[in-house]
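Each residue of the sequence shown is one higher than the one before, counting from 4 in our numbering. Heads up, the beta-carbon is just placed ideally off N, CA and C, and yes, glycines get one too.
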Amino acid sequence: LPKLLSDDTGHGIFTEGKSCPVLGLESRHILILEHTAKRELCRVRLPEIPSIIQVIGCFDIDWRLIVACRDQSIYAVTSSDKRGIALVRKPHLEMNAPIVDLCCLDKNKILIATSD
């Protein structure tokens, strides 16, 4: 997840290589870590175990995670008005077959590949 860093003038700039790791855990949590991976920036709990995560946006402005889970469901996780707080958006999608991969074309369009 890309992150804005301040330049000498105090303005935010996008930087190459300064991205925040996004982790999906067996405990049904998604963690967003600081680019050094030493500090947790955000944590959200999903109803199911995440297996595939796609990222859209920038952590400091507006971001969205599209998350496929092992139970064949897909959730959208977005930033809230408060920094460090994430929201699991409803409704979610449920597939009839296991999800193999997904791809985000933009904020409103995703492609989903299933095993059938």
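Answer with buried or exposed for residue i, where buried requires no fewer than 16 other C-beta atoms within 10 angstroms of its C-beta.
i: I88; result: exposed
i: C106; result: exposed
i: L131; result: What is shown of the chain runs 4 to 119, which leaves residue 131 out entirely.
Skipping 5 residues on each side, what residues in its chain have a beta carbon closer than 6 Å to that of residue i?
i: A116; result: V103 and D104
i: L114; result: C106
Can you give the Cα-Cα distance for residue i and residue j, rounded to whole angstroms?
i: I55; j: E37; result: 20 Å
i: L34; j: L44; result: 8 Å
i: P94; j: E29; result: 22 Å
i: K112; j: I52; result: 23 Å
i: R92; j: R73; result: 18 Å
i: V70; j: P101; result: 13 Å
i: R86; j: D119; result: 40 Å
i: D84; j: K21; result: 23 Å
Measure the Cβ-Cβ separation of residue i and residue j and say whether it is below 8 Å.
i: S76; j: L90; result: no
i: E32; j: R48; result: The sequence given here places His at residue 32; Glu does not occur at that position. Closer than 8 Å, so yes.
Near residue i, which residues of its chain fall below 8 Å by C-beta distance, leaving aside the five closest residues on each side in sequence?
i: W66; result: L4, V58, I59, G60, T81 and S82
Among the residues of its own chain, which have a CB less than 7 Å from the CB of residue i, if the five just before and after it don't count?
i: P24; result: L36 and A40
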